[in-house]
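These notes are about the structure you will find just below.
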Amino acid sequence: MLSRRQLLATAFAAAGGLHPRLAGAIDPIKRPGTKPDLKLSLAAYSFNKLLDLKKPSMDLFEFIDLAAGLPLDAVELTSYYWAETTDAYAERLKAHAAKKKLAISGVPVGNNFCVADETKYRAEIQKVKDWTARAAKVGAKTVRIFAGNLEKGDTLEAVQKRVVAAIEECCAVAEKHGVVLAMENHGGITATPDQLLALVKPVKSAALGVNIDTGNFKTADPYADLTKIAPYGVVSQVKTEVFPGGKREEADLARVVKILKDANFHGYVALEYEAKDDPKVAVPKYVKELRRLISG
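Right, dumping it as structure tokens:
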């Protein structure tokens, strides 16, 4: 008889999922075969200023239209830009992406599991649960989540316990919906590989992995640190800049893609453009470069 974890892995595979998991997150992900499988996506956050709901000049449907003109497999529909949270809106997004022959790779959530206030903490957990259900409605494979920052007067040990507990609770919902949660290296209490993995390894769920954000380590050697977390990755955000020692420089995208391939990565690689140039000009250029590197 198959275990619950094996059943979940089988369900992901049957649904065309990219992350079959036969072990909990305490171990590096066991990927099928020996050949990496990188699929190219585009994060809506690349057009943050245009999509900002406070004064939008583009909506998610127009973003999908723009992405359809590029050599992409998918789009990532950041929760910040959803004009509605209704089932009908989710269905419209799913249908529009399908019409444009694009998958929806993920739905990132702006959560903070470090908050000490119990009411706020419960609200953050519920937020992730709700967006996990919405992600499933649009057919997304992953929900990108965050840990947060240590609050004044709190201790790292106490915060880590709260974050792990929150992840475990949210994983139960993710398993139900066939979605994988991806904890991002995003500064705060995930500023180093060891800090990130201290939150991921204790959670024994097939519905958890790491989002490998290639621009978020501000350590002495970001590439070495990306190599450390790559075996746990279920999705990746590729930035066009890196910050060794906190100093900004152009990313070596060929090196980034090689790190993913060397880890036998299976999943979506989403360009998330945050540099200073006009994204309508820069994004097509970087998408084409990543497509070349992924296909090579």
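In this text, residue positions in the sequence shown follow full-length UniProt numbering: the first is 1, and each later residue adds one.
Backbone N, C-alpha and C fix where the C-beta goes; we use that ideal spot for every residue, glycine too.
Computed from a predicted model, the values in this text were never measured in an experiment.
Cα-Cα, which of the options is closest to residue i?
i, options, result
"GLU151", "LYS247, ASN112, ILE229 and ALA174", "ASN112"
"ASP252", "GLY245, GLU241 and LYS261", "GLU241"
"TYR121", "GLU84, GLU175, VAL159 and ILE64", "VAL159"
"THR192", "PHE243, PRO284 and ARG292", "PHE243"
"ALA275", "LYS285, GLY148 and VAL164", "LYS285"
"VAL128", "ARG144, LYS137 and THR227", "ARG144"
"SER205", "CYS170, ASP154, ALA263 and ALA88", "CYS170"
"GLY153", "VAL115, GLU62 and GLN126", "VAL115"
"VAL281", "PRO28, ALA67, PHE61 and ILE29", "ALA67"
"ALA165", "LEU102, ASP194, GLU118 and VAL138", "GLU118"
"VAL138", "GLU249, ALA88, GLU62 and ALA44", "ALA88"
Where do the ends of the alpha helix (DSSP H) carrying residue i lie?
i, result
"LEU50", "48 to 51"
"residue 328", "Outside the modelled stretch of the chain, which goes from 1 to 296, sits residue 328, for which no answer is possible."
"VAL138", "Segment: none, VAL138 is in no alpha helix (DSSP H) and carries neither H nor E."
"SER295", "279 to 295"
"SER234", "Looking at the sequence itself, residue 234 is Val, so the reference to Ser does not match. Element bounds for VAL234: not the alpha helix (DSSP H) but the beta strand (DSSP E), 233 to 238."
"VAL257", "253 to 262"
Applying the criterion that 16 or more other CB atoms from any shown protein chain within 10 Å of the CB defines a buried residue, is residue i buried or exposed?
i, result
"GLU124", "buried"
"ALA140", "buried"
"GLU272", "buried"
"THR214", "buried"
"PRO71", "exposed"
"ASP278", "exposed"
"ALA25", "Since pLDDT at ALA25 reaches only 47, below the 50 mark, its modelled position is unreliable, and the value read off the structure follows with that caveat. By the 10 Å Cβ count, ALA25 comes out buried."
"GLU84", "exposed"
"THR190", "buried"
"ARG31", "buried"
"GLU184", "buried"
"ARG162", "buried"
"ARG21", "Since pLDDT at ARG21 reaches only 43, below the 50 mark, its modelled position is unreliable, and the value read off the structure follows with that caveat. By the 10 Å Cβ count, ARG21 comes out buried."
"LEU156", "exposed"
"SER236", "buried"
"GLY296", "exposed"
"GLY69", "exposed"
"GLU175", "buried"
"LEU42", "buried"
Taking the continuous beta strand (DSSP E) assigned at residue i, which residues delimit it?
i, result
"VAL269", "266 to 271"
"ASP37", "37 to 43"
"ASP213", "208 to 213"
"SER205", "Here SER205 belongs to no beta strand (DSSP E), and DSSP marks it neither H nor E."
"ILE189", "It is not in any beta strand (DSSP E) - ILE189 carries neither H nor E in the DSSP assignment."
"ALA179", "Note on identity: in this sequence residue 179 is Val, with Ala being the wrong assignment. No beta strand (DSSP E) holds VAL179; DSSP gives it neither H nor E."
"GLU151", "No beta strand (DSSP E) holds GLU151; DSSP gives it neither H nor E."
How about residue i: is its C-beta nearer than 7 Å to some C-beta of chain B?
i, result
"ALA198", "Protein chain content of the structure displayed is limited to a single chain, and chain B is not contained in it."
Near residue i, what residues of its chain come up, given a Cβ to Cβ distance below 8 Å and the 5 sequence neighbours on each side ignored?
i, result
"LEU290", "LEU40, VAL238, LEU253, VAL257, VAL269 and LEU271"
Considering only residues of the same chain and omitting the five flanking positions on each side of residue i, which have a CB-CB separation below 6 Å?
i, result
"LYS261", "PRO36"
"ALA220", "GLY245"
"SER57", "LEU50"
"GLU168", "VAL203"
"HIS186", "PHE146 and ASN216"
"LYS288", "none"
Near residue i, what residues of its chain come up, given a Cβ to Cβ distance below 7 Å and the 5 sequence neighbours on each side ignored?
i, result
"LEU93", "LEU60, LEU77 and VAL138"
"LYS228", "PRO193"
Quiz item: Would the region 220 to 232 and the region 32 to 48 be scored as touching if the rule is three or more Cβ pairs under 8 Å?
Solution: no
Quiz item: Three or more C-beta pairs closer than 8 Å, one from the region 174 to 182 and one from the region 129 to 145: is that the case here?
Solution: Output reads yes: the region 129 to 145 touches the region 174 to 182.
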